[in-house]
Amino acid sequence: VHQHLRRMHLLHDKAYVNGQWVTAASNKTFPVVNPATGATIGTAPDMSTQDTQQAIEAAHQAFQTWQDTTAKERSHLLRKWFDLLVQNHENLAQIITAEAGKPLIESRGEVAYGNSFIEFFSEEARRIQGEIIQSPIPGRKILVEKQPIGVAGLITPWNFPHAMITRKAGAALAAGCTCVIKPAEDTPFTALALMELAHEAGIPKGVLNVVTSSRENAPSIGNLLCTSPLVAGLSFTGSTQVGKLLYEQCSTGVKRIGLELGGNAAFIVYKSANVDSAIKGAIASKFRNCGQACVASNRFLIENPIYDSFIEKLLQEVRNLKPGGNVGPLINQAQFDKVSSLVEDAVSKGAKVLAGAKPSDHGKLFYEPTVLTDLTPEMKLYKEEVFGPVISIFRFDTEEESLKIANDTERGLAGYFYSQDVSQIFRVSKKLEVGMCGVNEGVISTAEAPFGGVKESGVGREGSHHGVDDFTYIKYVSLGNL
Ligand code: ADP
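By full-length UniProt numbering, the letter at position 66 of the sequence shown is numbered 74, and the numbering carries on one by one without gaps.
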């Protein structure tokens with residue numbers, strides 16, 4: 009794969025600033041490792057605040073003309089970018105698999121999902137409309153226009169290295185903003201491949217910039233993006249801990265902020281549910297990307313009368329999951345250690361192991377698909393997002409009890425439940441304290457729907473026509489004495 013990747017014109021080992029492929033001023037680089045094999049795929053520039061400042065200035069300069077392009081021009085450029093993304097589908101998938109470790113079939117899925125945001129926002133660009141409001145004063149008109157905020161800083165994670173960039177950048181460009189993107193240190197090559205295609209599509213220099221850096225430099229680059237007077241807003245997807253820090257840093261300049269942080273999704277199966285369908289949803293929701301998704305189900309709550317049959321069928325499905333086959337590795341050692349320690353903590357406090365609960369012999373970062381029962385609130389798995397292939401099962405007797413457990417968390421991103429009882433469907437979807445609710449389905453993300461959370465899971469929505477809100481402000485123009 010590596011030989012093949014090297015020949016690919018999409019694979020860049022330089023960052024992308026002002027339409028050029030550049031090294032760090034210090035000439036420093038950092039290695040990028042394939043988590044499935046431990047092999048180094050290549051190196052990327054380890055940029056500093058000095059390099060980031062140049063990218064911010066380029067984006068600021070580009071904004072002066074980009075903001076005056078017509079929505080139709082931006083729509084066409086986004087469409088061209090989308091067409092190239094589609095043409096390069098397979099190569100993009102291979103780069104994702106090489107640096108994020110997910111099975112190729114999942115990378116292909118991510119490319120389709122990631123591309124769909126550029127397609128969607130190429131269409132949405134032309135529908136960012138203003139309004140004329142009735143004035144209470146004669147001879148006056150109230151005009152309302154949506155304007156781009158300016159330069160947007162985008163900081164993205166490794167778990168969906170393509171889609172988490174396009175979901176933000178598509179909306180930003182549609183609105184007329186320019187971007188400085190800081191991709192995760194684990195997955196810079198996907199970001200750079202996206203830039204190659206944006207460049208080929210003719211997106212003007214400075215409109216999109218990618219600054220790559222090691223983990224060591226991420227905090228100072230993040231701080232500059234949050235505090236630079238030339239940056240108008242920040243959009244971040246990642247951990248709650250880093251998100252809170254960036255929220256605080258953005259307060260200094262009262263910057264616009266969008267945050268997509270961690271979840272702690274409940275997956276509830278009520279007694280009226282179609283159990284086979286619930287099992288399918290559970291597997292999809294839990295094991296996509298080896299559980300490394302903020303919308304992945306974290307706590308499985310099963311109503312008593314169907315508890316035994318659910319578990320029996322679930323175990324049959326879990327036996328079909330193969331590390332190194334349809335389940336990939338964890339992204340890095342830190343993530344692997346976190347998953348193992350959360351499982352050990354639960355087992356030491358009395359959780360029962362029905363499957364896995366140990367490293368897989370497939371490779372260093374592979375963990376066995378795990379099923380634990382008899383979970384209690386004292387276990388860390390109750391509160392913490394495991395971000396790994398671990399199903400934690402709770403038993404409950406009443407709808408009230410299920411909601412109490414489901415909502416007993418500071419997080420509120422996604423929640424899922426299975427029920428055939430129509431009244432219950434309306435009751436529970438209303439009461440779940442989440443931004444996104446899957447009813448009788450386990451995978452719900454799509455470019456057309458608003459993605460985002462409540463409570464500590466975030467601020468704002470991405471995707472859908474709401475996705476441009478983070479990148480626009482409302483300008484009121486009062487026309488008087490007409
Ligand atoms: P994870 O724990 O899943 O790696 P993080 O929130 O740590 O999630 O990382 C998400 C993104 O945030 C990555 O691009 C990472 O480099 C970046 N990042 C990490 N720490 C900081 C920080 N202090 N300031 C700004 N960005 C950061």
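All C-beta atoms, glycine included, are put in the ideal place defined by N, C-alpha and C. Remember, predicted model here, so these are calculated numbers, not experimental data.
Out of the options, point me to the one whose CA is closest to residue i's CA.
i: Y315; options: E139, V277, Q155, H68; result: V277
i: P385; options: L421, G364, A359, G241; result: A359
i: G446; options: A226, V303, V379; result: V303
i: K190; options: I157, D59, T78, K483; result: D59
i: S305; options: G210, A414, G251, M203; result: A414
i: H473; options: E464, P458, A52, S280; result: P458
i: V335; options: E449, K110, Q75; result: K110
i: K439; options: E409, E449, W74; result: E409
i: N217; options: E208, A199, N225; result: A199
i: F125; options: V476, I482, Q72; result: V476
i: E456; options: A106, N123, K80; result: N123
i: E98; options: A201, F402, L233; result: A201
i: N282; options: R134, Q95, E449; result: E449
i: P53; options: E118, A183, D194; result: D194
i: residue 509; options: R419, S280, S115; result: This structure gives no information on residue 509, because the portion of the chain shown stretches from 9 to 490.
i: P397; options: L362, G466, A79, Q300; result: Q300
i: S400; options: A274, S431, S486; result: A274
i: T480; options: V462, I452, V30, Q137; result: Q137
i: P377; options: L323, S83, L383; result: L323
i: S368; options: M387, L329, A66; result: L329
i: N35; options: E418, I482, M55; result: M55
i: Q249; options: G271, E65, G241, A240; result: G271
Run through the DSSP bridge pairs and tell me what residue i is partnered with.
i: S243; result: L162, G266
i: residue 8; result: This structure cannot settle anything about residue 8, because the visible part of the chain is limited to 9 through 490.
i: Y426; result: V277
i: A363; result: V379
i: V447; result: F425
i: I314; result: In the DSSP output, where bridge partners are listed per residue, I314 has none listed.
i: I401; result: F308
i: Y24; result: W29, V218
i: I339; result: DSSP, once it has assigned bridges, lists no residue as partnering I339.
i: V119; result: In the DSSP output, where bridge partners are listed per residue, V119 has none listed.
i: L487; result: K149
i: G230; result: According to DSSP, G230 bridges with nothing at all.
i: I141; result: I150
i: R419; result: K463
i: E470; result: F459
i: P237; result: Paired residue(s): none; P237 is not in a bridge.
With 16 as the cutoff for other CB atoms within 10 Å, does residue i come out buried or exposed?
i: V442; result: buried
i: K176; result: buried
i: K263; result: buried
i: T260; result: exposed
i: P165; result: buried
i: R15; result: exposed
i: L490; result: exposed
i: P337; result: buried
i: E311; result: buried
i: A365; result: buried
i: R223; result: exposed
i: E114; result: buried
i: P237; result: exposed
TODO: May I ask you to verify whether the segment 43 to 52 touches the segment 367 to 379, counting CB pairs closer than 8 Å and requiring at least 3?
DONE: Verdict: yes, contact present.
Open item on the list: Quick check on the DSSP output: what are the complete beta strand (DSSP E) runs of length 3 or more inside the segment 38 to 115, in order along the chain?
Closed with: The DSSP assignment places complete beta strand (DSSP E) segments of no fewer than 3 residues inside the segment 38 to 115 at 48 to 53, in order along the chain.
TODO: Just list the alpha helix (DSSP H) runs in the segment 160 to 199, keeping only unbroken ones of 4 residues or longer that don't cross its boundaries, in chain order.
DONE: DSSP runs (the alpha helix (DSSP H)) wholly in the segment 160 to 199: 171 to 183.
Open item on the list: Under 8 Å, with one C-beta from each stretch per pair, do the segment 16 to 30 and the segment 306 to 322 reach the 3-pair mark?
Closed with: By the Cβ test, the segment 16 to 30 is not in contact with the segment 306 to 322, since fewer than three Cβ pairs between them sit closer than 8 Å.
- [ ] Please confirm if the segment 78 to 98 is in contact with the segment 123 to 143, defined as three or more CB-CB distances below 8 Å between the two stretches.
- [x] Counting Cβ pairs under 8 Å, three or more are found: they touch.
Open item on the list: With three or more beta-carbon pairs closer than 8 Å as the criterion, would you say the segment 59 to 72 touches the segment 218 to 230?
Closed with: Short answer: they touch.
- [ ] Evaluate contact between the segment 26 to 41 and the segment 149 to 165, counting only Cβ atoms and requiring at least three cross-stretch pairs below 8 Å.
- [x] In this structure the segment 26 to 41 does not touch the segment 149 to 165; the number of beta carbon pairs closer than 8 Å is below three.
Task: Stretch pair the segment 141 to 149 + the segment 167 to 184: three plus CB contacts closer than 8 Å - done: Using a C-beta cut-off of 8 Å, the segment 141 to 149 makes no contact with the segment 167 to 184, since fewer than three inter-stretch Cβ pairs fall below that distance.
Open item on the list: With three or more beta-carbon pairs closer than 8 Å as the criterion, would you say the segment 285 to 295 touches the segment 71 to 86?
Closed with: The segment 285 to 295, when compared against the segment 71 to 86, does not touch it at the 8 Å Cβ threshold.
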